[in-house]
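Chains A and B are the protein sequences, given in the same order.
Read in order, the letters of the first sequence are residues 1 to 291 in the numbering used here.
Read in order, the letters of the second sequence are residues 292 to 465 in the numbering used here.
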Amino acid sequence: MYPSRFNYESPSTIEEAIALLDAGRGEAKILAGGQSLVPMLKLRFAAPETLVDINNIPGLGYHHFDDAGALHIGALCRHEDIEKSAVIAERQPTIAAAAPLVADPIVRTRGTFVGSVCHGDPQGDWAACMIALDGYVVAQGPNGRREIPVKSFVTGPFQNVLAHNEIAVEAVVPAPRGEARGAYLKLERRVGDFATAAVAVALDMSGDVVLRAGIALTGVGGTTVNASEAAESLTGSTLDADSIARAAELAAAAAQPRSDHRGSASYKRHIVNTFTARALSGIASSSERAA
Amino acid sequence: MTSLYEEVSVTPVDVPVRRVTITVNGERRAADVEPRLLLAHLLRQGFGLTGTHTGCDTTNCGACTVLFDGRPVKSCTMLAVQADGHDVQTVEGLASASELHPIQEGFKEEHGLQCGYCTPGMMMAAKALLEENPDPSEDEIRWALSGNLCRCTGYQNIVKAVLWAADKLRASAG
């Protein structure tokens with residue numbers, strides 16, 4: 001299989017890339033890792049007139065925590081960079097848990113975090129993590145930069161709010177209030193398959209009290225599901241059997257799964273309940289050990 | 292040996308092309324390519340390196356795995372133009388003129404293949420693993436090869452082959 005013909009551009013600055021997008025009037029598309037876009041080009045689900053390859057723009061492969069504790073992930077930071085990152089393993093448990101579960105090890109050498117968020121696949125692991133973490137995308141266009149919360153960034157399957165001449169230059173996880181705790185649990189039939197269901201949990205904790213909670217669900221709706229009621233039920237409380245069971249029930253109720261070849265809707269809902277409880281119990285028991 | 296600057300054309304004459312120069316298995320190669328040409332196709336049809344197999348053509352199976360600047364990539368999921376100025380290693384780059392690479396020897400000794408279709412991708416993924424981790428556990432090998440599908444072997448002998456290669460490489464390094 002091969003894609004439709006397109007013009008290929010490989011700018012060396014973000015400004016040039018934005019100018020190319022602007023000139024494309026909606027018919028130009030950014031190529032970052034290409035691990036979703038190239039297959040879509042080959043299947044001709046996508047047929048842009050122009051591809052703007054950003055891989056030759058220097059300085060976009062970074063990830064780092066700033067002085068305030070926010071995690072910044074550049075547009076060319078690959079899944080593998082995150083998987084191997086000592087600083088993320090130490091400081092951002094939700095992202096660290098999801099990294100080895102994205103696609104397969106070879107796709108992870110090429111695919112990018114920011115590209116995956118932009119792609120807006122309801123099966124995407126990173127969107128769930130970013131929603132649970134209250135993360136945002138920094139978009140740059142001809143008139144400068146703006147910040148877009150991931151909760152309102154994806155508007156539907158494979159759709160986001162970026163203007164035709166805007167590039168998502170980085171994703172940011174805000175600094176936690178207190179200690180960042182979290183998990184990402186995913187059920188997949190085999191490596192590289194889409195999730196049957198997955199649950200992202202991100203908590204900011206002070207001692208054993210939850211200051212802020214985020215719970216988001218992968219693969220159980222037309223877009224990533226923000227289980228906000230489940231998360232809010234935890235805010236201000238401790239993690240005990242009752243609060244965990246309540247949050248797990250609310251998360252399962254927020255899921256909108258459909259029966260398909262990966263499982264029945266009720267099975268997927270059950271998985272969401274189980275994974276939410278398991279993630280929260282794991283955080284609670286490791287807090288006890290640390291205390 | 293072919294010349295250092297062997298030129299090939301894999302596109303019709305009336306289509307806009309871009310000149311790319313790629314170091315393939317240590318040798319600089321140039322080609323005029325249409326932007327939509329996939330790296331796997333340039334390697335196979337352009338450079339005649341048919342050891343890189345295209346299996347699923349949908350980013351699943353990993354038969355087309357090559358090393359791009361030392362890291363494994365699925366060459367059916369990259370454009371050939373993106374390899375301009377970069378280093379690519381294919382399965383043809385493993386053996387020297389006189390002897391097999393220890394990874395190839397391992398696959399031979401441990402019967403790590405049956406039909407052989409997935410083997411080039413398996414070996415390149417294994418090479419990337421062993422360069423990073425010379426003494427992997429069985430689990431680590433299974434993990435590193437989890438983006439490569441084999442429908443014949445059940446993986447057991449592939450894992451043994453990589454363990455065999457790791458032993459030999461460590462012995463020759465030490």
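Glycine included, each C-beta is placed from N, C-alpha and C at the ideal position.
- For a Cβ distance threshold of 8 Å, nothing in chain A lies close to Ala456(B): the least Cβ distance comes to about 18 Å.
- Its chain contains Gly120, Asp121, Pro122, Gly222, Thr223 as the residues whose beta carbon lies nearer than 8 Å to that of Pro157(A), once the 5 sequence neighbours on both sides are disregarded; these appear in chain order.
- Distances from the alpha-carbon of Leu71(A) to those of Glu49(A), Pro100(A), Phe113(A), Ile30(A) put Phe113(A) closest.
- The three-state secondary structure of Asp430(B), taken from DSSP, is helix.
- Considering only Val52(A), Val38(A), Gly61(A), the residue with the shortest C-alpha distance to Val107(A) is Val38(A).
- Taking a contact as a CB-CB distance under 8 Å, the pair Val311(B) and Asp375(B) counts as one, their CB atoms being some 4 Å apart.
- Beta-bridge partners assigned by DSSP to Ile394(B): none are found.
- Judged by beta-carbon spacing, Leu330(B) lies beyond the 9 Å limit of Ala386(B), meaning their Cβ atoms are not closer than that value.
- Cβ contact annotation for Glu83(A) (same chain, cutoff 7 Å, sequence separation greater than five): Ala99, Pro100, Arg108, in chain order.
- Distance from Thr341(B) to Lys365(B) at the Cβ level is roughly 17 Å; contact not present, criterion being Cβ atoms closer than 8 Å.
- Residue environment: Phe338(B) is assigned as buried (16 or more neighbouring CB atoms within 10 Å of its CB, all protein chains considered).
- Taking 8 Å as the upper bound for CB-CB distance, Ala200(A) and Ala132(A) are in contact here, some 4 Å apart.
- By the Cβ-count criterion, Ser12(A) is exposed, with fewer than 16 other Cβ atoms from all chains shown falling within 10 Å of its own Cβ.
- Within the region 432-465 of chain B, the residues whose Cβ lies closer than 9 Å to some Cβ of chain A are Trp434, Ala435, Leu436, Ser437, Gly438, Asn439, Leu440, listed in chain order.
- Taking a C-beta distance under 9 Å as the contact criterion, Ala248(A) and Asn273(A) qualify as a contact pair.
- When CB distances to chain B are screened at a threshold of 8 Å, the residues of the region 1-18 of chain A falling below it are Met1, Tyr2, Pro3, Ser4, Arg5, Phe6, Asn7, Tyr8, Ser10, in chain order.
- Residues of chain A whose Cβ lies closer than 8 Å to the Cβ of Asp348(B) are, in chain order, Met1, Lys42.
- Taking 7 Å as the upper bound on Cβ-Cβ separation, chain B lies near residues Val191, Gly192 of the region 177-203 of chain A.
- Contact between the region 165-176 of chain A and the region 228-235 of chain A is not established, with fewer than three Cβ pairs separated by less than 8 Å.
- When Ala388(B), Glu400(B), Cys406(B), Cys441(B) are compared, the shortest CA-CA separation from Ala416(B) is found for Cys441(B).
- Rounded to whole angstroms, the Cβ separation of Ile18(A) and Gly144(A) is 10 Å, and the two are not in contact under 8 Å.
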